[in-house]
Each structure stands twice: as structure tokens, then as C-alpha cells.
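**Student:** Using the working numbering, the final residue of the sequence shown is 288, and nothing's skipped along the way.
Once you've had a glance at the structure underneath, I'll fire off some questions.
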Amino acid sequence: MELLDWYEGNARRLERAAALANCMRCRGLLAAGDGKVGDALAAYEEALEWHGRVEIPLDRGRTLLALGAAQRRMKRRREARKTLEEALGIFERLGAALWAERARSELRRISGRAATPGALTPAEERVAALVAEGKTNREVAAALYLSERTVEGHLSHVFGKLGVRSRTELARMLTSRSEQGIAASNTGGSPVSDTSSAP
């Protein structure tokens with residue numbers, strides 16, 4: 090705590106917005122750890138004010154994730170969902186896969202149900218569909234206005250969730266799912282590809 094006080098004091102003296110944002114997030118995390126969720130919310134809100142003065146998306150996403158988790162603990166589910174979805178969007182745009190999964194995990198806790206095994210997020214669905222059409226990662230990135238690194242991250246998740254090892258296998262599986270989905274719709278059922286649990 091003394092180190093954090095020293096760091097924050099210098100950040101305020103030098104008016105370093107990014108450092109102050111991180112300081113307040115740390116204070117929020119400490120407060121949340123002590124069960125003082127109200128204090129944590131106030132700290133996260135102040136952190137977001139500082140984030141507004143400097144463009145560092147990953148840090149803002151991390152603060153939103155912490156804020157969303159605190160809102161969930163306070164039973165403010167609607168606010169928490171909105172906050173966490175914003176955080177998830179940031180992480181997905183940056184290709185920050187581990188942080189994105191943390192945001193999804195918090196969103197699943199709001200819904201009260203575990204993620205459906207193999208369920209793809211909307212972003213992963215879009216990437217998978219284009220790859221199945223035969224597009225390269227570069228072409229997918231251009232079509233979706235993403236970086237190639239982000240596309241690679243999404244594709245890695247798709248392969249892992251669907252249990253496929255190649256683009257050919259992916260195309261075959263998506264074709265099969267599409268055909269089964271059409272058949273299900275004709276009989277009043279639901280498509281096999283269920284993304285209802287995806288944030």
C-alpha cells in the first residue's frame with residue numbers, strides 16, 4: 090500500500106493520466122479484495138475518468154473488466170453486462186485472447202449458465218465463415234477490418250472449440266452444421282450451431 094501511495098503521489102504531481110488510471114484500478118482491486126465493493130466501484134469510476142484523457146485501450150479494457158465484475162457482485166446485472174461487453178469488444182479488437190476470455194467468463198456468471206461447449210462468439214463465427222470460404226488470414230483481416238494477429242487468435246480459438254486441425258476440416262464442419270441447421274429449421278428445431286450463450 091505504501092508503494093502504491095508513493096506511486097500515486099508522483100503520478101498526481103506529474104499529472105500522468107495513464108499512471109493515475111492504473112493506480113485507481115489497483116485501489117479498486119484492493120478494495121474489492123477486502124470486500125469493500127462500494128469503494129471499489131468508486132475507484133474504478135475514477136480510473137475510467139483518467140482513461141478518458143489518454144488512449145490506451147488495453148488498460149481501459151482491464152478497468153472495465155474489473156468494474157463489470159464489481160457491478161455483478163453488487164447485483165447490478167444490467168450495468169455489469171453493458172460494462173463487460175464493452176471490455177470484451179476492446180479485448181477482441183486488440184486480439185487480447187486471455188483478457189477476452191476473462192470477460193466472457195464474467196458474462197457467463199451473469200447469465201447463470203456455463204458456456205455451451207464449442208459455442209463460438211460472433212467474431213469467431215465471422216472469421217470461421219470467411220476462412221471456410223477459402224479466404225486467407227490477410228483477406229479475412231481486410232474484410233473484417235481486423236489485424237492479421239487478431240484473425241489468427243480467433244482462428245486458433247475456433248479450431249480449439251470445434252476440435253478441428255485444418256481449414257479444410259473447418260469448412261467441412263461448417264457445411265455440415267449449416268445443412269443440419271436448415272433441416273432443423275424445417276422441422277421447427279434449433280440449428281446445431283448455438284451461439285446463444287456467447288456474449
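Yeah, the Cβ is synthetic: ideal placement off N, Cα and C, and Gly gets one too.
Express the C-alpha separation of Arg227 and Ala203 in angstroms, rounding to a whole number.
**Tutor:** The residue labelled residue 203 in the question sits at position 114 within the sequence shown. The residue labelled residue 227 in the question sits at position 138 within the sequence shown. Note on Ala203: pLDDT 41, under 50, position unreliable in the model; the coordinate value appears next. Each residue's alpha carbon lies about 33 Å from the other.
**Student:** Between which residues of its own chain and Glu181 is the CB-CB distance below 6 Å, once the five residues before and five after are set aside?
**Tutor:** Here residue 181 corresponds to residue number 92 of the sequence shown, with the count starting at 1. Excluding its 5 nearest sequence neighbours in each direction, Glu181 has C-beta neighbours in its own chain below 6 Å: Ala189, Ala212, listed in chain order.
**Student:** Under 9 Å, do Gly141 and Ala129 count as touching if we go by C-beta distance?
**Tutor:** By 1-based counting over the sequence shown, the position of residue 141 is 52. By 1-based counting over the sequence shown, the position of residue 129 is 40. No. Outside cutoff.
**Student:** By a C-beta neighbour count over all protein chains shown, 10 Å radius and 16 as the cutoff for buried, is Pro206 buried or exposed?
**Tutor:** Locating residue 206 in the sequence shown gives position 117, counting from the first residue. Only weak support is given to the placement of Pro206: the predicted model assigns it a pLDDT of 43, under 50, and the value that follows is read from those uncertain coordinates. Exposed, since its Cβ has fewer than 16 Cβ neighbours within 10 Å.
**Student:** Pick out the complete alpha helix (DSSP H) segments inside the region 218-250, 4 residues or longer, and give them in chain order.
**Tutor:** 226-233
**Student:** Under the criterion of a Cβ to heavy atom distance below 8 Å, does Glu168 qualify as lining the ligand COA?
**Tutor:** Ligands displayed in this structure: none; no statement on the ligand COA is therefore possible.
**Student:** I'd like the span of the alpha helix (DSSP H) that includes Arg165, first residue to last.
**Tutor:** Within the sequence shown, numbered from 1, the residue matching residue 165 stands at position 76. Unbroken run through Arg165: none, as it is neither H nor E.
**Student:** How long is the line joining the alpha carbons of Gly277 and Ala136, rounded to whole angstroms?
**Tutor:** Taking the sequence shown and counting its residues from 1, one reaches residue 277 at position 188. Taking the sequence shown and counting its residues from 1, one reaches residue 136 at position 47. Confidence is the limiting factor: at Gly277 the pLDDT is only 49, short of 50, which leaves the residue's position unreliable, though a coordinate-based value still follows. Each residue's alpha carbon lies about 49 Å from the other.
**Student:** How far does the alpha helix (DSSP H) with Gly252 in it extend, from its first residue to its last?
**Tutor:** On the sequence shown, position 163 is the one that residue 252 refers to. In the DSSP assignment, Gly252 falls outside any alpha helix (DSSP H) and carries neither an H nor an E.
**Student:** If you compare alpha carbons, which of Val220, Ala159, Thr225 is closest to Arg198?
**Tutor:** The residue given as residue 198 occupies position 109 in the sequence shown. Closest by alpha carbon: Ala159.
**Student:** Taking C-alpha atoms, which residue in Gly242, Arg114, Val220 lies nearest to Ser255?
**Tutor:** Your numbering for residue 255 matches position 166 in the sequence shown. Ser255 has its Cα closest to that of Val220, out of Gly242, Arg114, Val220.
**Student:** Could you tell me how far apart the beta carbons of Leu263 and Ala217 are, in whole angstroms, since I believe they sit closer than 8 Å?
**Tutor:** In the sequence shown, residue 263 corresponds to position 174, counting from 1. In the sequence shown, residue 217 corresponds to position 128, counting from 1. Their Cβ separation, rounded to whole angstroms, is 6 Å, which keeps Leu263 and Ala217 in contact under 8 Å.
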